[in-house]
Structures are given as structure tokens and as C-alpha cells.
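In mature numbering (1 follows the signal peptide of the UniProt record, and there is no 0), the protein residues as written are -19 to -1, 1 to 644.
The beta carbon of each residue, even a glycine, is placed where N, CA and C say it ideally should be.
No experiment lies behind these values; they were computed from the predicted model shown.
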Amino acid sequence: MRSLAFTFFLLLLTAAVVATVALGHKGIGLKQVFGTRYTPVGANLFPIEKSELEKIHRIELSGNGVQAECVFENGLWRVTRPWQDRMDPRAAEAILQFTIGTRVVDVIPEGKLDTSKIMLKEGTIGIHIEDKDGKSLARYVLARKTEWTVIDPETEQPDATVFLIPGENNPGNYTYAATGDIHPIFKDGLRHLRDHHPLLFNPLGLETIRIDGSEGELLLSRGDPKSPWRITKPLELRTNPEAVTKLINDLTKLRALRVANPAEVTLPGEDLPGRRRIALKHFGQGHEVILEIYPPKLAESDTVFATVSDRPGAVFELPLKAIAPAALTTELPPASDPNKQPPPTPIKKEAPPAEAMVSVSALPDTVNELRNPMLTNLDLTSLQGILIAPSTGTQILLARDPGKGARWHYRTATGRMELANDFTLARLLRAATTTKVLSFVTDAAVDLAPYGLDRPSLSIRFLSFGNEGFELIFGRSTDGTWHAMRTGTSTVMRLDDQFIRDISSNLWEWRQPGVWAFSEVDLTGIDRKVEGQPPLSLEYRWAEQLWKAKINGIDRSAELVTERANQLLKLLTNLQTESWLSPDDLEANRALARPVMTFELAVKTVDEDGEFSGTKRMSLTLAPASDSPDNRTFFARIGSDPHPFKLGLDTVRRLAVDLFGDD
């Protein structure tokens, strides 16, 4: 018969098995019941579940004689103690990521390490993280850095390690060497917990940006988040999208060198000039957030103070001038305990260059910096006509019919509309659409004489389909500077004179580059005279593709290289100039008085019915622009056309080709 004691033992054993099975079904292991001796090497020291991360609500910090409380509310971290201020989200993220991600590198039992020697010189940092319900998720003391680094298996980069003492679930009171280091966050009495960015806003949700400075009030507005920004005060102006984007980006990046309490600084008095205000308002928001930037105390000051309306407990010390980032170099100290297993070789780490801090003086916050710098905002697809009117000379009218691919024509001296020179037109349109104003001289011009606009040297009127248009006038001041003004406004703009050089204001410059028009079908003969060579005479019958050649009246047809003659004919048929010249061009007229090459072409003519009516003679005269052996430009003229033109050296060489030689 079994004893009573044995029966009782079986009952206990059965109860233990049932309890173990029940705990297993609930996901609770024996280690959680009886406790873990220590967290093993390689494991996360604080295994916080993902569901718990979403409930993190409070971070309590203590160290260096300061206690801080940080609370996550309405999507933002705020410091509620010792200040009432917005927390730097990067600091909160760093603390949480460190806590979640730190892994055990070494375990030091109690009594094996003098804890007084591993604490920071300025004291220890206590960290406590809770969820919304007040449940503790992590509590620990952060001590100093250890003397070695480890290689992060994920990034394969060196990772610092620190001494860390958990305040919970640490029955053995172990000290751990764990990965990561967040000591910089806790310097200077935990001041780095405060968000050093004065402004926090959604750039996509901005409705207005109001700037009040030395030039008065400037207002940037837009009707909805997808509309372009416009200047609505002090004038209705288009904006420069790049400048507005820079302003918004700079305001998001603007960062203080120091954040202080109002009682810790003395702000400049109201009587000191130079104060600026930048006010931001979001769509659907009834009030502005105002950044007030105070003037520097001294002219040579590198920083200025600023306040923000939604952070009344903070004063920001902002960089007034650009501060270039410096690369920081630190070298880890060698191991101090020779009996300890040697750590990895210390690694010299160079911090990557940080982004330069945005300075107050670099903010584009004036009308001229933010307005559209383009001379015009032409929509070429709707442009119908252009009228160029030089103060001396003939007006040039350019027009095209509606429809895609419609060609531009210009009005000749006889009143006919002919095709315009595509190169000249492209140069004009490129200048009109890409020229940026060098500066806006004034928006309230009364006396135009100082700018040469009282008697404009040139005006250009642009007309769009639908009869919408505008006119620009151009004048030159006594110092040679070019200015422009849009008719009907009082804004004077200063221009680079390259724009004026790109405007062809002479009627002949709009001629097509083709110097004459005939078809090789109608050509019957070519006479060529080249200085120092006997005259050449060619007869041509297109229908038979037959050439006959004479030199000094002697038949040389059998020696003629037909392919060269065909190439010469093709060149003459499609001959184009680099540019047309004025009838009064002295250099061209002087050169053409002594030609070095002439052509005379015999071309069949037809009547109105298309019947053969006779033969006309067409002549081409050529002369070098200079007698220099390096000359590469030739002047030329067609018959009695008053306008000479230019040809390049390569074209002239092809016109002078030897039709009989072997070269």
C-alpha cells in the first residue's frame, strides 16, 4: 500500500504538469515564470513587441542633475519637464531605436566591475519608457562608452558599445556591454532634447507666407495646394518657383545653434531697427505661426535671436551668416585591461560632412529674390504675331497662321509675306523665353530718361491668338546699360546686352538663307571664272543627264568628271548663306569690287501657262573678307541684289572644285 506522502507527491507532480501545459497554451514559458539568469550575448536587451511600440507614450530621463519628461501626444513628442516645448523628433527616435535595437555584447556579473568607474563624468543617465497605460516597457541606466567597437552584421559598419544596467528584470544585477551610443543627446543639461528647428510645418499645406521686413510687407499666396505661388503684396507678380522652393526648404531646415529659456537671454529692444517676421498659415488654419527674427546686437555678430509664436517658452539663437560644416575625427582609446580578451582593433571614424546650416541672411525673403526673373512668360504655342520696331529703320512684322506646324512669315520691303529665316526666328524666340532679368531697378519709375526709356531704341510687341498681347520697350542709359519695361507698367528691368544682340532688327536678316531659287531641271549652262585660272563653260541637259565642258573655248567634255559636275550643280542649287548683310556694308562692298570668283548661270524661264519663254542669266560674285592666308570668310552677292552675304571657306572651296583633275 502506497504511503500518504507518495500519493501527495503524485498530486503535486500532476498539478505541475497541468499548469505547465496551461501556460504553454497561453504562450508563457518557464523562463518567464522562474526568471532568466541574464540576457545572453547577441540577444536584444529589451525585446519590446511591435504592438507595444505603437503604445509608447512617455520617456522619462534623469541625469546631470536634470529630470525630463517627454510625452507623445497628437502625433508629436513634447518635453513637459523641465520645459514646456516641442521635443526634437530625432532625439525621441534615437532613444527609442537605441532601446529597441541594442544587443548584448558582454555580460558582467555583479561585483566583477567597479560601477563607479563606468559612469559618465557628469553623472549617470536614467531612462524609463512607458506606454499609454503607464506600463513600464524599459528602465535602465546608461553608463559610459566601452573601449571597443563591434561590426554591425546588417550594415557591416563599426558600432560603438556602452555599459548599461537594466533597472527591471535583472535579478542578478548584471551590467551589460551593449551596442549603440546615444550620449550626445544628453549633453548640456539635456538641452538637445528641445527641437532646435524653430518651425514645424507641412510645406504642401501652406496657404500663405507673409514676410515683414525692411522693404515692408511681402505676401506669397496660392488658391489651393496645387496652384502656383504668386506675390500678392506689394504687387501682383509671378514668382520664381525655384526661389520659393528654396525659401520653404530653408525654413524647414532652419536650425538654431542654441535654444534657451526667455529668462536666460536679453532680447534687443523694440527701438532697434532691422526686425523681421515670417508668418506661415496653412489651409484651414485660422491663425499664423510667426517667426520673429531680432536684429543683431552688433554689426559683426554672427548670430541673432528669434522667437516663434507657438513656442513661447523658447528663444532661438540662429546663425546670421553661413556656417560651413566641419568633418569630425575621433579615435577610440585602446583597451586598458591587459587580462581581458583583446577587443577589435580601434577604428578611426570620420564623420561624413554634415549639411551646412541655413543662415538667416541666406533666406530669399525680398520681392526681387522671389519674383519671376524671366523677361517674358511667352506661350509659344499661342503666339501669332511679333512686331519689331527699331527707332531707326523699318518695322519687321512676323506672323503665322493657327494650327500645328504653321510656318512663320515676314513682310518684305515690297509688302509681300515670305517665309522667315528659321535661324533668326529661333534666336529671337530663345532670347524672349530664356532671358533672365539681371535686376529689377524699380517698380515705380516716373522719369524714364535715366534708363534711356524715354526714347526707346527698340520695341517688340507680342500678339497671341485671341488678340492678347503685350509690348516691351528697350533703352540704353548713358553708361551703356540696357533696360527694359513692359508698356503700361512702371517696372524697369536691367538686361544683359546679349538679349539685344540676339534680336535681328534689320529686315534683310529675316530673309531665308537660300540665296537664289532655281531648279536643276531648268539649268542649261554654267560659266565659272576663278582668279588665276582659265574660264570654264559648262552646258547641261537635264533630261539626258549630259554635260559638256569647254576651257578657253576648247572642248574638254571627255575629261570632265561627271560626278564632280553633278556635285557642283547640287551645291549651286541649294546654296545658303551664313548671314545676310546691309547694302551699306563697307567691308563687303569694298571686297566685292575685286572678286576672285564669279558664276553665271543660264536658266530656262516659263510663262504663266508653264510654257518655255526664254533663258535668264543669274550671276554670283565672291571675294575674300581679307587677304590673310588664314581668312575663312568670303563675301558674295547675287546679281544686282543690294544685299551682300557671307559664305564659309569650305563652301567656297567646293565651288572652286577642279572638275578635271585627279585630286
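Beta-carbon separation (whole angstroms), Arg84 vs Asn25, contact threshold 8 Å: 6 Å
Buried versus exposed, by CB contacts within 10 Å (16 or more), Val246: exposed
Residues of its chain near residue 650, where Cβ-Cβ distance is below 8 Å and the 5 sequence neighbours each way are ignored: The chain is shown from -19 up to 644; residue 650 falls before or after that span and cannot be answered.
Top-ranked residue by Cα proximity to Asp252, from Ile76, Lys278, Asp565: Lys278
For Trp497, three-class secondary structure by DSSP: coil
Secondary structure of Tyr521, DSSP reduced to three states: strand
Nearest-angstrom Cβ-Cβ length linking Ile212 and Leu199, presumed shorter than 8 Å: 7 Å
Glu111 beta carbon less than 8 Å from that of Arg62: no
Alpha carbon of Ala380 to alpha carbon of Ala394, nearest angstrom: 15 Å
Alpha-carbon spacing of Val143 relative to Leu248, whole angstroms: 41 Å
Gln526 versus Ala617 - alpha carbon distance: 29 Å
Residue from Phe53, Leu603, Val52 with nearest C-alpha to Val496: Leu603
Cα-Cα separation between Phe626 and Thr558, rounded to whole angstroms: 6 Å
Same chain, Cβ closer than 6 Å to Thr472, five either side skipped, listed in chain order: Asp424
Which of helix, strand or coil DSSP assigns to Leu429: coil
Where the beta strand (DSSP E) containing Thr160 begins and where it ends: 156 to 160
Ile454 to Leu238 span [Cα, whole Å]: 49 Å
Through-space distance from Phe264 to Asp69, alpha-carbon basis: 25 Å
CA-to-CA distance, Arg388 to Leu368, given in whole angstroms: 16 Å
Cβ neighbour criterion (16 or more within 10 Å) applied to Asp382: exposed
Length at least 4, wholly inside the segment 278 to 310: the alpha helix (DSSP H) runs in chain order: none
Option nearest Leu628 by Cα separation, candidates Gly642, Pro605, Pro610: Pro605
CA-to-CA distance, Phe580 to Arg509, given in whole angstroms: 5 Å
Backbone secondary structure at Arg475 - three-state DSSP: strand
Neighbourhood of Leu359 by C-beta, 7 Å cutoff - its chain only, sequence neighbours within 5 removed: Ala413, Thr414, Phe443
Counterpart residues of Ala604 in DSSP-defined beta bridges: Phe616
Gly642, buried or exposed, once every other Cβ within 10 Å from all chains shown has been counted against 16: exposed
Inter-residue spacing [alpha-carbon to alpha-carbon] between Leu636 and Leu218: 56 Å
Distance, Asp608 Cα to Trp523 Cα: 38 Å
Three or more C-beta pairs below 8 Å linking the segment 371 to 378 and the segment 483 to 497: yes
Neighbour flag for Arg522 against chain C, beta carbons, 8 Å: No chain C is present in this structure, which holds just one protein chain.
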